[in-house]
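>
Numbering (the numbering used here), first residue to last: 1 to 560.
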């Protein structure tokens, strides 16, 4: 991919170059040639940026970079811990846009004027983010709803930004060691896919339905359902949740609810989402979790969700259980299954650090335990020791960390480790039952049918081959057969010579007891002959072995 000369792209090249330079990555700027895009007098002092300033700088660059910051907060192998912490607190709150734009977009998308589609539509938004804002409204049938409206012209802006970021990522991959190691272009492609999906509110509507269905067994957890007839790619209409953010609850309100039971149920619900369903609400920060007026927990804003493959679910479940029970070695084993070692991976250091961290976590007081932080620390240890862990692990850590914060608000003395252990058996049973779904059973039956049909013919063929004495066993050693046989022959010859020499020495020792008239140096002559022959043959054998080994090493060196 070549660098574009579009004015919008040139401005982004400069913005990104300044950002890299400010936060101490001037080497990437110079190696990639981005320094040519910097104007005179615009360069910041190299490395002058502080971790806490990065989030604010990304917010100034617009919605694409706010979302990029959220992605970077999950990539512990790319940034130091201080920057990860700063980006984890990145707030997606911006100034609302004009109500005239809201009215125009809703009318264009739904095909009706606000006065015809709603009996009431509050012009003041109740929340505003980088991609859209939310208004309270009432449908014609009296149903209270929340209407999420996408910002005007945000899609083309994001597409332009993504093109510029993709071009820079490809250039970094080609021209820098960091790019070749981390494959920035692949990361940006995944980022592009997720961000464009987030711009389609119909997907979020489907996410709301699916999550509501998956959490149907939890009576105190609700998910607002969408109104299909009032939902398009740029407008999402859903149930309005009456309540308050978890973090905005007063101590008096908390006394009125059973915080321990709510925290337990919420934690169980997320464990089920992640480790059984493989589909979870990936942004449970306190602003996205409400306590309703009837003392239930509402999960809102499903623009950011994550999916986990069945095999990954199994490893994550084993990892979480190992952490909760303080099994450091097993935690390291499961983490390794979730990662890809790099050239400089130090496995010994990784195992030692993980074991120490898990031991400290297990010995902590219940009120100090944070499972999410333990998972994130494993990701950081992996980055320090040279292993690239799956992004799902960091996403799990961030989700559980936010969940820890919410759980502590509801029940300050809750113990996440105990919750995991209490629900481990149920999680395993649910995973097993899910594996016995009609689709999986049917697929297994088809494979069994195929085996049954082919088995008699294959057995007959094997028996006929045995009866005709034509059965052959071929062993693939993975090395050259000639070299292997030559080596075995060499070993056999040396063993045989050693046995002969041993026999000569033993015979000489026994003949020493037989007195004869023929002597050498005063000892029985035949015994001395055998002994001297053994010495001579031994010396010849040692010389032969040394010479043969030397020739083998020379041949191997010449081949290299």
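Quick reminder that beta carbons are idealized off the backbone N, C-alpha and C, glycines included. None of the values given here were measured: they were computed from a predicted structure.
Just the C-alpha distance for residue 259 and residue 425, rounded to the nearest angstrom, thanks.
On the chain shown, residue 259 is found 259 positions in, with the first residue counted as 1. On the chain shown, residue 425 is found 425 positions in, with the first residue counted as 1. Residue 259 and residue 425: Cα-Cα distance of roughly 24 Å.
> Taking the alpha-carbon of residue 220 as reference, which of 206, 263 and 188 has the nearest alpha-carbon?
Position 220 of the chain shown, counting from 1, holds the residue named residue 220. When only C-alpha atoms are compared, the closest one is 263.
> Start and end of the alpha helix (DSSP H) containing residue 181?
Your numbering for residue 181 matches position 181 in the chain shown. First-last of the alpha helix (DSSP H) with residue 181: 177–182.
> For residue 542, which three-state DSSP category applies?
For the purposes of this step, residue 542 is taken as residue 542 along the chain shown, with counting starting at 1. Looking at residue 542 - three-state DSSP - the assignment turns out to be helix.
> For residue 245, which three-state DSSP category applies?
The residue you call residue 245 lines up with position 245 of the chain shown. Three-state result, residue 245: strand.
> Let me know if residue 20 comes out buried or exposed under the rule of 16 or more other beta-carbons within 10 Å of its beta-carbon.
Mapped onto the chain shown, residue 20 falls at position 20. Residue 20 should be labelled buried.
> Report buried or exposed for residue 156, applying the criterion of at least 16 other Cβ atoms within 10 angstroms of its Cβ.
If you number the chain shown from 1, residue 156 lands on position 156. Exposed.
> DSSP on residue 337, reduced to helix/strand/coil?
Position 337 of the chain shown holds residue 337. It is helical.
> Going by Cα to Cα distance, which pick from 239, 82 and 234 is closest to residue 226?
Within the chain shown, residue 226 is the residue found at index 226, counting from 1. Nearest option by C-alpha distance: 239.
> Could you compute how far the alpha carbon of residue 146 sits from the alpha carbon of residue 134?
Within the chain shown, numbered from 1, the residue matching residue 146 stands at position 146. Within the chain shown, numbered from 1, the residue matching residue 134 stands at position 134. Each residue's alpha carbon lies about 6 Å from the other.
> Apply the 10 Å Cβ neighbour rule to residue 9 and answer buried if 16 or more other Cβ atoms are within range, or exposed otherwise.
Within the chain shown, numbered from 1, the residue matching residue 9 stands at position 9. With 16 or more Cβ atoms within 10 Å of its Cβ, residue 9 is classed as buried.
> How about residue 300: is its C-beta nearer than 7 Å to some C-beta of chain D?
Absence of chain D from the displayed structure is noted, only one protein chain being present.
> Do you know how far the Cα of residue 229 is from the Cα of residue 202?
As a working note, residue 202 is residue 202 in the chain shown. As a working note, residue 229 is residue 229 in the chain shown. So the two alpha carbons sit approximately 11 Å from each other.
> Taking residue 391 as part of the alpha helix (DSSP H), name the residues at either end of that continuous run.
The residue labelled residue 391 in the question sits at position 391 within the chain shown. From DSSP, the alpha helix (DSSP H) with residue 391 extends over 391–410.
> By Cβ distance below 6 Å, which residues in the same chain neighbour residue 214 in space, the five residues on each side in sequence not counted?
Position 214 of the chain shown, counted from the start, is the residue given in the question as residue 214. 277.
> Let me check one thing: in DSSP terms, what residues is residue 374 bridge-paired to?
For the purposes of this step, residue 374 is identified with residue 374 of the chain shown, where counting begins at 1. Bridge partners of residue 374: none, in fact.
> Using CA coordinates, which residue listed in 392, 455, 414 and 498 is at the minimum distance from residue 311?
For the purposes of this step, residue 311 is taken as the residue at position 311 of the chain shown. Between residue 311 and the set 392, 455, 414 and 498, the nearest pair of CA atoms involves 392.
> Suppose only complete runs of 3+ residues qualify. What are the beta strand (DSSP E) ranges in the segment 269–335, listed by chain order?
279–281, 289–292, 297–299 and 305–307
> Only counting the same chain, and skipping five residues up and downstream in sequence, which positions put a Cβ closer than 6 Å to that of residue 465?
For this step, residue 465 is matched to residue 465 along the chain shown. 471, listed in sequence order.
> In whole angstroms, give me the CA-to-CA distance for residue 300 and residue 245.
For this step, residue 300 is matched to residue 300 along the chain shown. For this step, residue 245 is matched to residue 245 along the chain shown. Rounded to whole angstroms, residue 300 to residue 245 spans 11 Å at the Cα level.
> Just curious, the alpha helix (DSSP H) that residue 136 is in, first and last residue?
For this step, residue 136 is matched to residue 136 along the chain shown. From DSSP, residue 136 is part of no alpha helix (DSSP H) but of the beta strand (DSSP E) over 132–139.
> Take every Cβ of the segment 331–350, pair it with every Cβ of the segment 290–305, and state whether three or more of those distances are shorter than 8 Å.
In the pairwise beta carbon analysis, the segment 331–350 is classified as not touching the segment 290–305: fewer than three pairs are separated by under 8 Å.
> Using the Cβ count rule (16 or more neighbours within 10 Å means buried), how would you classify residue 67?
To locate residue 67, count along the chain shown from 1; it is residue 67. Buried, since its Cβ has 16 or more Cβ neighbours within 10 Å.
> Please identify the residue among 188, 170 and 189 whose C-alpha is closest to the C-alpha of residue 180.
In the chain shown, counting from the first residue as 1, residue 180 sits at position 180. Checked all of 188, 170 and 189; the closest Cα to residue 180 is 170.
> I need the straight-line Cα distance from residue 188 to residue 84, nearest angstrom please.
Residue mapping note: residue 188 aligns to position 188 of the chain shown, counting from 1. Residue mapping note: residue 84 aligns to position 84 of the chain shown, counting from 1. Cα-Cα distance, rounded: 18 Å.
> Please go through the same chain and pick out, in chain order, the residues whose beta-carbon is closer than 6 Å to the beta-carbon of residue 409, but skip the five residues on each side of it.
To locate residue 409, count along the chain shown from 1; it is residue 409. Correct list, in chain order: 246.
> Check whether the Cβ atoms of residue 304 and residue 269 lie closer than 7 Å to each other.
Locating residue 304 in the chain shown gives position 304, where the first residue counts as 1. Locating residue 269 in the chain shown gives position 269, where the first residue counts as 1. Their beta carbons are not under 7 Å apart, which means residue 304 does not touch residue 269 by this criterion.
> Would you say residue 398 and residue 381 are within 7 Å of each other, going by their C-beta atoms?
In the chain shown, counting from the first residue as 1, residue 398 sits at position 398. In the chain shown, counting from the first residue as 1, residue 381 sits at position 381. Going by C-beta atoms, residue 398 is not nearer than 7 Å to residue 381.
> Using the rule of at least 16 other Cβ atoms within 10 Å of the residue's Cβ for burial, across every protein chain shown, is residue 190 buried or exposed?
On the chain shown, position 190 is the one that residue 190 refers to. With fewer than 16 Cβ atoms within 10 Å of its Cβ, residue 190 is classed as exposed.
> Helix, strand or coil: how does DSSP classify residue 533 here?
One-based indexing of the chain shown puts residue 533 at position 533. Residue 533: helix per DSSP, three-state reduction.
> I'd like the span of the beta strand (DSSP E) that includes residue 563, first residue to last.
Any property of residue 563 remains undetermined from this structure, which presents the chain solely from 1 to 560.
> Nearest-angstrom Cα distance between residue 119 and residue 328?
By 1-based counting over the chain shown, the position of residue 119 is 119. By 1-based counting over the chain shown, the position of residue 328 is 328. Whole-angstrom Cα-Cα distance: 59 Å.
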